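Undergrad: The following block contains the structure, expressed as structure tokens.
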Amino acid sequence: MALTLSVNGQPRELDVDPQMPLLWALRDHLQLTGTKFGCGMALCGACTVHVDGQPTRSCVTPVSAVQGKNITTIEGLATPAGKALQNAWVELNVPQCGYCQSGQIMSAAALLADNPRPSDEEIDAAMSGNICRCATYARIRAAIHQAADTLPVAVTKG
Amino acid sequence: MYFRRIENLSGVLPAFEPTAFTRRTFLKLTTLAGTGLTLGAVLPACSSGGSSSGTSGAGAEPLVTPFVRIAPDNTVTVIVKHLEAGQGVWTGLAAVVAEELDAAWSQIRAENAPAQVPQYGNLAFDPKGSVQGTGGSTAMSNSWDQLRQAGATARAMLVAAAAEQWNVPAAEIQVQDGVLSHASGKRATFGELASAAARQPVPTNVTLKDPSQFTLIGRDKLPRLDSHAKSTGRQQFAIDVMLPGMMTAVVARPPRFGGKVQSFDATAAKAVPGVVDVVQIPRGVAVVARDTWSARKGRDALKVTWDESTAEQRGTPELMAEYKRLARQSDALTALKRGDVAAGFRRAAKVIEAEFGLPYLAHAPMEPLTAVCRLDADRCEIWAGAQFHTVDQANAAQAVGLKPEQVSIHTVAAGGTFGRRATPDSDYISEVASIAKATGGKYPVRLIWTREDDITGGRYRPLSYHRIRAALSRDGKVIAYEQRLVGQSLIAGTPFEAMMMKDGIDPAAVEGNAAEQYDIPNALVTWTNPKVGVPVLWWRSVGHTHTAFSKEIVIDELAEAAGKDPVEFRLAMLEHHPRLAGVLKLAAEKAEWGKLPGSGNGRGRGVAVQESFGSAVAQVVDVTVKDDRVTVDRVVCAVDCGIAVTPDVVRAQMESGIGYGLAAALHGKITLTEGRVDQTNFHQYEVLRIHEMPRHIEVHIAPSTNPPTGVGEPGTPPIAPAVANAIRAAATGIKVRKLPFDLAEARKA
Ligand code: FES
Ligand code: FES
Chain A
1 MALTLSVNGQ
11 PRELDVDPQM
21 PLLWALRDHL
31 QLTGTKFGCG
41 MALCGACTVH
51 VDGQPTRSCV
61 TPVSAVQGKN
71 ITTIEGLATP
81 AGKALQNAWV
91 ELNVPQCGYC
101 QSGQIMSAAA
111 LLADNPRPSD
121 EEIDAAMSGN
131 ICRCATYARI
141 RAAIHQAADT
151 LPVAVTKG
Chain B
159 MYFRRIENLS
169 GVLPAFEPTA
179 FTRRTFLKLT
189 TLAGTGLTLG
199 AVLPACSSGG
209 SSSGTSGAGA
219 EPLVTPFVRI
229 APDNTVTVIV
239 KHLEAGQGVW
249 TGLAAVVAEE
259 LDAAWSQIRA
269 ENAPAQVPQY
279 GNLAFDPKGS
289 VQGTGGSTAM
299 SNSWDQLRQA
309 GATARAMLVA
319 AAAEQWNVPA
329 AEIQVQDGVL
339 SHASGKRATF
349 GELASAAARQ
359 PVPTNVTLKD
369 PSQFTLIGRD
379 KLPRLDSHAK
389 STGRQQFAID
399 VMLPGMMTAV
409 VARPPRFGGK
419 VQSFDATAAK
429 AVPGVVDVVQ
439 IPRGVAVVAR
449 DTWSARKGRD
459 ALKVTWDEST
469 AEQRGTPELM
479 AEYKRLARQS
489 DALTALKRGD
499 VAAGFRRAAK
509 VIEAEFGLPY
519 LAHAPMEPLT
529 AVCRLDADRC
539 EIWAGAQFHT
549 VDQANAAQAV
559 GLKPEQVSIH
569 TVAAGGTFGR
579 RATPDSDYIS
589 EVASIAKATG
599 GKYPVRLIWT
609 REDDITGGRY
619 RPLSYHRIRA
629 ALSRDGKVIA
639 YEQRLVGQSL
649 IAGTPFEAMM
659 MKDGIDPAAV
669 EGNAAEQYDI
679 PNALVTWTNP
689 KVGVPVLWWR
699 SVGHTHTAFS
709 KEIVIDELAE
719 AAGKDPVEFR
729 LAMLEHHPRL
739 AGVLKLAAEK
749 AEWGKLPGSG
759 NGRGRGVAVQ
769 ESFGSAVAQV
779 VDVTVKDDRV
789 TVDRVVCAVD
799 CGIAVTPDVV
809 RAQMESGIGY
819 GLAAALHGKI
829 TLTEGRVDQT
839 NFHQYEVLRI
849 HEMPRHIEVH
859 IAPSTNPPTG
869 VGEPGTPPIA
879 PAVANAIRAA
889 ATGIKVRKLP
899 FDLAEARKA
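First to last, the sequence lines map onto chains A and B. This note's numbering puts the first residue of the first sequence at 1, with every later residue one more than the last. This note's numbering puts the first residue of the second sequence at 159, with every later residue one more than the last.
Below, the structure is given as structure tokens:
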């Protein structure tokens, strides 16, 4: 079935099974391979993208459900928080194998958009859906704090 | 992963002839006298994968040697023969070359070497380089001399070129941060001199730096070469490889280990839109489709009847009961015998007995196994996070009916391995090659293992059972130690059996035992290899994953029985193990051993040590136990890995090893019921998540001038026993005898 998705600000045409998870549409049909497959059951977070700004597990989200919504993948992450996170990730040498890190950064970017100064507990709560088998967790926490420190605190949260 | 040196592999592995490389630019080099480093083969100017740079530059030629390429655009590309799976080899190995070269870190790139022996063989497996592969935490140790030579050689050629151009003595030329200079004011970058350097003869005798001159090696925050690509989604893994016309395959495999396809009905599978082929291969039935989703749907619709007449039908409860029985049999093989054990027990003032059961564990690397194959009449190309290149080449060749030298492997970054990608039968690579063969090479094909395939697919850390007796003398010394180990061999039945088994003993099954790690005068270690149809494999730190566990718990309980401090008690038995003693003292000092505030009442501190893969690690752990749940609050880790080439990578590997070991300690278990694996995905095979990672981890690196040793695995073994000892110290009364921890059950025992 032909459908149109808005991915990283671009309209993208697809002719796939409407039940196909967004993950496979992105990877196999749109060549956006930064979003990773880790479990296919919303258990690991490797496939995390933003749908209208919300962190979403693309492996269990059918393409039919995201038509007309704004999808952002790691390739299109351009928010100040996203950039600050990526800088902190590089500075603290966070990635090891790196395979989980797109998903980690997408989850962290959604966290900072919501909560510009998260505590350790808040980081753990927001990030516990993202598995890292290399166990880079200590550095992920540190990098989120470091990125947060470079961002202005939003004044409108209430 | 575990390896001993392999003496003779002829007949098992192919002799590789480099045939298929782009011969755009190359340099033939001669043998470097005195180093054993052969630079003789023809090298590719552009090889695959890695975070590579181009070799642009109008009309100018790069300087190409087997391990480094210096391009006119001033990039320095280090050719890395090992798999980057997160352990930092691109960065670490590149740093060794860059150091001797006096390059600037910003100009350094890393690129994966092709599969090519002996050029890129692992010298720790075989000094002749007959096997290329990554494992046993050997990447740095076996490359150390080789890459220092490579860097110094290229440097000497640059210096010779400058000396010639400037007409000054070579000895007067300075090299720093990628720039050569002379007191006369002459100055040139590596890139500017690359072509001229390429025309210089290869020096036969180069001087290596004195370690006191190192500026890159040991630099605290050397940026990893792959951080940027891995923080932006740009790092390419096997699962990301896209070739024109490529199809994707998944394989239906037997639900019990040892099962075979009896028959299959592909009608419904072929009716799934996007499915293009359904083919039988030696390991099952492959469904090939336009994309991953269609392939999975096709597999769901596939009907296979399995022949399970020779399959393993037992479950883990029966296996564990059988192992327990085997641990009481007198016909076990003797792995180590020292002194007079019986006499030691006769003199004992106290005897401690303990039995331990440890489960099968899946590696579960974050990137499930994936490989891509493109097959032509006379050539087979594989893209994979290949860990065992030479073996993979041979197995792929066999699967497609070509010669090993007709198989080329494009190594890409692996999304973790922990040993999983180095299999003697190259399982997933053999599969993708078989699918390409069965589909006649019509299209390039990518094989994806789903997470369910990964968790249920075998190749586990072996289930094991340990029966231990230890004797204390009246003055509180360990005077006898008996350790009976039961667990499947990793090597028996593989092509490595003949070369690696010694007197019927698989060293990987018994390594790291108490008699090997402590000064104990009378000791006996036995091993029984049960016949079980569940395939097993080296799992991060191999035998040490289980031997360290029972050993460090028993030693701690012996200290308690002797009324001694656990650190002092261990130190008294480490006279002949100075590196272990060193890290134990360092960790104890940094952790302020003994001073845990609020100890008892659910808070406790424990310690464990293990020497593995040439490195010694000690960990002091603080835990809180509440409602029979354990939280690890702090880990203080000390490591002696010789010279720490990239200290931040060493720290990262310790953190990673701790997290990986903690995952197994808190959650890890694969169980079988009537031969079927009970767990399928991360909801059942639970791993460590961020809230379980200790809030406080510090890693201290013991200063050393010794050559570097392993760091990928040694961080893992001590954590589980250190936590177990802390649980006991928390005045819980719990003696841990099993993993994963089940404190409620242990309390009852
Ligand atoms: S792949 Fe989607 S959560 Fe794991
Ligand atoms: S960096 Fe390897 S899984 Fe997270």
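Glycine included, every Cβ here is placed at the ideal spot set by N, Cα and C. Model, not experiment: these values are computed from the prediction.
Just grab the DSSP bridge partners of V778(B) for me.
TA: Taking the first residue of the second sequence as position 1, residue 778(B) is located at position 620. BP columns for V778(B) point to V765(B) and V794(B).
Undergrad: When you compare only the Cα positions, how much space is there between K157(A) and Q86(A)?
TA: Position 157 of the first sequence, counted from the first residue, corresponds to residue 157(A). Position 86 of the first sequence, counted from the first residue, corresponds to residue 86(A). With a pLDDT of 41 at K157(A), under the threshold of 50, the modelled position of this residue cannot be trusted, and the question is left open.
Undergrad: Less than 6 Å between C-beta atoms, sequence neighbours within five positions excluded: which residues of the same chain meet that for Q394(B)?
TA: Sequence index remark: in the second sequence, residue 394(B) carries index 236 (1-based). Result list for Q394(B): V570, in chain order.
Undergrad: Where does K893(B) fall in DSSP's three states?
TA: Here residue 893(B) refers to the residue found at position 735 of the second sequence. Three-state result, K893(B): coil.
Undergrad: For T56(A), which residues does DSSP report across the bridge?
TA: One-based indexing of the first sequence puts residue 56(A) at position 56. In the DSSP output, where bridge partners are listed per residue, T56(A) has V49(A).
Undergrad: Would you tell me roughly how many angstroms separate the C-alpha atoms of H734(B) and Q307(B), rounded to the nearest one?
TA: For this step, residue 734(B) is matched to residue 576 along the second sequence. For this step, residue 307(B) is matched to residue 149 along the second sequence. Cα to Cα, the separation comes out at about 33 Å.
Undergrad: Flag this pair as touching only if the segment 369-376 of chain B and the segment 5-17 of chain A have three or more C-beta atom pairs under 8 Å; answer yes or no.
TA: no
Undergrad: Any contact of the segment 382-393 of chain B with the segment 97-115 of chain A, i.e. 3+ C-beta pairs under 8 Å?
TA: yes
Undergrad: Tell me whether the beta-carbon of V409(B) lies closer than 8 Å to the beta-carbon of E589(B).
TA: Numbered from 1 along the second sequence, position 251 holds the residue referred to as residue 409(B). Numbered from 1 along the second sequence, position 431 holds the residue referred to as residue 589(B). By the CB criterion at 8 Å, V409(B) and E589(B) fall inside the cutoff.
Undergrad: What residues sit near ligand 2, counting only those whose C-beta is closer than 6 Å to one of its heavy atoms, in chain order?
TA: P95(A), Q96(A), C97(A), G98(A), Y99(A), C100(A), Q101(A), C132(A), R133(A), C134(A), T136(A), G244(B), M524(B) and G574(B)
Undergrad: Specify, as a first and last residue, the run of the alpha helix (DSSP H) that P724(B) falls within.
TA: Reading the second sequence from its first residue, position 566 is the one you call residue 724(B). First-last of the alpha helix (DSSP H) with P724(B): P724 to L729.
Undergrad: Check each residue of the segment 850-865 of chain B: if its Cβ is closer than 9 Å to any Cβ of chain A, include it; give the result in chain order.
TA: E850, M851, P852, R853, H854 and I855
Undergrad: Does chain B have any CB closer than 8 Å to the CB of Q96(A)?
TA: Here residue 96(A) is taken as the residue at index 96 of the first sequence, counted from 1. Yes, its Cβ sits closer than 8 Å to a Cβ of chain B.
Undergrad: For the beta strand (DSSP E) containing A512(B), list its first residue and its last residue.
TA: The sequence position of residue 512(B) within the second sequence is 354, counting from 1. Start and end: K508 to L516.
Undergrad: So which residues of chain B does N93(A) contact, with C-beta pairs closer than 8 Å?
TA: On the first sequence, residue 93(A) is found 93 positions in, with the first residue counted as 1. The contacting residues are K379, P381, R382, S385, D806, V807 and A810.
Undergrad: May I ask whether a heavy atom of ligand 1 can be found less than 7 Å away from the beta carbon of F37(A)?
TA: Sequence index remark: in the first sequence, residue 37(A) carries index 37 (1-based). Flag set: Cβ of F37(A) near ligand 1.
Undergrad: According to DSSP, is A124(A) part of a helix, a strand, or is it coil?
TA: Residue numbering aside, residue 124(A) sits at position 124 when the first sequence is read from its first letter. The displayed chain sequence assigns Asp, not Ala, to residue 124(A). Of the three classes helix, strand and coil, the one that applies to D124(A) here is helix, per DSSP.
Undergrad: So, is T581(B) buried or exposed, given that buried needs 16 or more other C-beta atoms within 10 angstroms?
TA: Your numbering for residue 581(B) matches position 423 in the second sequence. Buried, because 16 or more other Cβ atoms sit within 10 Å of the Cβ of T581(B).
Undergrad: Give the straight-line distance between the Cα atoms of V289(B) and H547(B), rounded to the nearest whole angstrom.
TA: The residue you call residue 289(B) lines up with position 131 of the second sequence. The residue you call residue 547(B) lines up with position 389 of the second sequence. Looking at the two C-alpha atoms, the distance is approximately 8 Å.
Undergrad: Can you tell me where the alpha helix (DSSP H) with D302(B) in it begins and where it stops?
TA: Locating residue 302(B) in the second sequence gives position 144, where the first residue counts as 1. Looking at the sequence shown, residue 302(B) is not Asp but Trp. Here the alpha helix (DSSP H) through W302(B) covers A297 to W324.
Undergrad: Would you please state the rounded distance, in angstroms, between the beta carbons of R763(B) and A884(B)? I believe it to be under 8 Å.
TA: To locate residue 763(B), count along the second sequence from 1; it is residue 605. To locate residue 884(B), count along the second sequence from 1; it is residue 726. About 6 Å; that satisfies the 8 Å criterion.
Undergrad: Buried or exposed, going by whether 16 or more other CB atoms sit within 10 Å of the CB of R133(A)?
TA: As a first step, residue 133(A) is located in the first sequence; it is residue number 133 there, counting from the start. Burial of R133(A) is indicated by the presence of at least 16 other C-beta atoms within 10 angstroms of its C-beta.
Undergrad: Specify whether the segment 29-40 of chain A and the segment 67-76 of chain A touch according to this definition: at least 3 beta carbon pairs, one from each stretch, less than 8 Å apart.
TA: yes
Undergrad: Using a Cβ-Cβ cutoff of less than 7 Å, which residues in the same chain neighbour E480(B) once the five nearest sequence positions on both sides are dropped?
TA: For the purposes of this step, residue 480(B) is taken as residue 322 along the second sequence, with counting starting at 1. Taken in chain order, the residues that qualify are P688.
Undergrad: Starting from V462(B), follow its DSSP beta bridges and name the residues at the other end.
TA: Counted from its first residue, the second sequence places residue 462(B) at position 304. Answer by DSSP bridge pairing, in chain order: F422(B).
Undergrad: Please decide whether P21(A) counts as near chain B, where near means a Cβ-Cβ distance under 8 Å.
TA: Here the question's residue 21(A) lines up with position 21 in the first sequence. Yes, P21(A) lies at the interface with chain B (some Cβ there is under 8 Å from its Cβ).
Undergrad: What residues of chain A sit near T450(B), judged by a beta carbon separation below 8 Å?
TA: Counted from its first residue, the second sequence places residue 450(B) at position 292. Those within 8 Å of T450(B) in chain A are W24, R27, D28 and F37.
Undergrad: Applying the criterion that 16 or more other CB atoms from any shown protein chain within 10 Å of the CB defines a buried residue, is A318(B) buried or exposed?
TA: In the second sequence, the residue the question calls residue 318(B) occupies position 160. The residue is buried, with at least 16 neighbouring Cβ atoms inside 10 Å.
Undergrad: Tell me the rounded alpha-carbon separation between G192(B) and M657(B).
TA: The sequence position of residue 192(B) within the second sequence is 34, counting from 1. The sequence position of residue 657(B) within the second sequence is 499, counting from 1. Note that G192(B) scores 25 on pLDDT, short of 50, meaning its location in the model is unreliable; the coordinates nonetheless yield the value given after this. Answer to the nearest angstrom: the Cα atoms are 28 Å apart.
Undergrad: So, P517(B) versus T829(B), is the Cβ gap smaller than 8 Å?
TA: Numbered from 1 along the second sequence, position 359 holds the residue referred to as residue 517(B). Numbered from 1 along the second sequence, position 671 holds the residue referred to as residue 829(B). Yes, these two residues count as a Cβ contact at 8 Å.
Undergrad: Please report whether the beta-carbon of I848(B) lies at a distance below 8 Å from any beta-carbon of chain A.
TA: Counting from one through the second sequence, the residue named residue 848(B) turns up at place 690. Yes, its Cβ sits closer than 8 Å to a Cβ of chain A.
Undergrad: To test your reading of the DSSP string, which unbroken beta strand (DSSP E) runs of 3 or more residues are found completely within the segment 784-858 of chain B?
TA: Entirely contained in the segment 784-858 of chain B, the beta strand (DSSP E) runs reaching 3 residues are, in chain order, 787-798.
Undergrad: Q334(B): buried (16+ other C-beta within 10 angstroms of its C-beta) or exposed?
TA: Translated into positions along the second sequence, residue 334(B) becomes position 176. Its Cβ having fewer than 16 others within 10 Å, Q334(B) is exposed.
Undergrad: If we define contact as Cβ-Cβ less than 8 Å, is V845(B) a contact residue for chain A?
TA: Reading the second sequence from its first residue, position 687 is the one you call residue 845(B). For V845(B), the answer is yes, since a Cβ of chain A falls inside 8 Å of its Cβ.
Undergrad: Measure the alpha-carbon distance for S209(B) versus T474(B) and round it to whole angstroms.
TA: The residue labelled residue 209(B) in the question sits at position 51 within the second sequence. The residue labelled residue 474(B) in the question sits at position 316 within the second sequence. Low per-residue confidence applies at S209(B): pLDDT is 37, beneath 50, and the placement is therefore not dependable, though the value from the model is reported in the following sentence. Spanning the two alpha carbons is a distance of roughly 44 Å.
Undergrad: Would you report the Cα separation of M659(B) and W263(B), rounded to the nearest angstrom?
TA: Position 501 of the second sequence, counted from the start, is the residue given in the question as residue 659(B). Position 105 of the second sequence, counted from the start, is the residue given in the question as residue 263(B). Spanning the two alpha carbons is a distance of roughly 43 Å.
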